Amino acid sequence: MTLLGAISLIGSMALFGCSASPSTPSSTADPAGSTTSASTPAPAETTAETPEIALARDYLDAITAGDSQTSWSLLSPESQAFYGSIDTYEQLAATDGTVTADEATELASAQLVAAEGPEGAITVVSGATADAADAWIVRQTDSGLRIDDAGVPPTGESVYSWTNPAAGPEDQTGEAAYDPASPVAISFAVADPADGRSLVGSPETIYAWQGDQPVDATLDAASDAQRTFVVNTTPETGPHAVTVVWQVGGDSHEWRSSTVLLTS
0 MTLLGAISLI GSMALFGCSA SPSTPSSTAD PAGSTTSAST PAPAETTAET PEIALARDYL
60 DAITAGDSQT SWSLLSPESQ AFYGSIDTYE QLAATDGTVT ADEATELASA QLVAAEGPEG
120 AITVVSGATA DAADAWIVRQ TDSGLRIDDA GVPPTGESVY SWTNPAAGPE DQTGEAAYDP
180 ASPVAISFAV ADPADGRSLV GSPETIYAWQ GDQPVDATLD AASDAQRTFV VNTTPETGPH
240 AVTVVWQVGG DSHEWRSSTV LLTS
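Residue numbers for the sequence shown follow the working numbering, so the first one is 0 and each next one is one higher.
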């Protein structure tokens, strides 16, 4: 999912970005309550032009060109099901936290890198410039390699938001303070089973990367209403992106991601 807003700090700035897109199809994250969780993804595999990177480039090129037929065709069946139809996709995609045409144009000039996800179930392709960052979850489906990049639901309260930097929900923009003395953090609402399957998920475990390098993501606090994860990044000068991914859960193979860009 994609970069959405500027996040200011004295001497530094963080720019907030999505993802789509989630996630994780090797082990399903149970949306039930949790007490502790810590996980580190496998080390990054390669920065070469792999099939996954090539697919992400095709996706960016299609969005840049306004070719929604092609970008739609590159989405996973689960991401397509989230929208229901290409008409709904065309209406929502520019404002639901997925990559916009301007962002796609910016990111198409970036070096895209690929990292293997948990148990090899997904590949996380990411790119960053001084002004934008995003990541795309690529996985094998019955139709071949496809991208999980569904947006946030257009109605109802957001089920996850960045808390440091305090960017808020994925589909909102605006400045927010980042506290470099505290870890990067993201919070998820705990889904009520009575409400049915969550479209976004209520993960007990998430996975994180700083650029294409895996970093620890740990459950820091949990209550009946919310789970907060901290991401143990390493100090870096210049723009650097942090991406988290999680599996939606239930019987879905879908993964989601969200990316934040920290600039100092």
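Glycine is no exception: its CB is placed at the ideal position from the N, C-alpha and C atoms.
Computed from a prediction, not measured in an experiment: that's the story for all the values here.
Annotation for Asp86: the continuous alpha helix (DSSP H) segment containing it runs Ile85 to Leu91.
Its Cα nearest to that of Val243, the residue Gly116 stands out among Gly167, Gly116 and Leu198. Only exposed fits Thr233, as fewer than 16 other CB atoms lie within 10 angstroms of its CB. Assigned with DSSP and collapsed to three states, Ala224 falls in coil, not helix or strand. The distance from the Cβ of Trp208 to that of Val123 is about 6 Å, consistent with a contact at the 8 Å cut-off. Ala120 is not a Cβ neighbour of Gly65, given a cutoff of 9 Å. As the crow flies, the alpha-carbon of Glu105 is around 11 Å from that of Asp60.
Secondary structure remark: continuous alpha helix (DSSP H) runs of at least 4 residues inside the stretch 56 to 141, in chain order: 67 to 72, 76 to 82, 85 to 91 and 100 to 107. Nearest in C-alpha terms to Ser70, of all of Asp130, Pro50 and Ala149, is Ala149. Counting other Cβ atoms within 10 Å of its Cβ, Glu118 stays below 16 and is therefore classed as exposed. Bridge pairing for His252: absent [DSSP].
Counting every other CB atom within 10 Å of its CB across the protein chains shown gives Glu48 a total below 16, marking it as exposed.
Cβ-Cβ distances below 8 Å link Gln225 to Ser186, Phe187, Ala188 and Val189 in the same chain, with the five nearest sequence neighbours on each side left out; the list follows chain order. A direct Cα-to-Cα measurement between Ser75 and Glu253 gives close to 8 Å.
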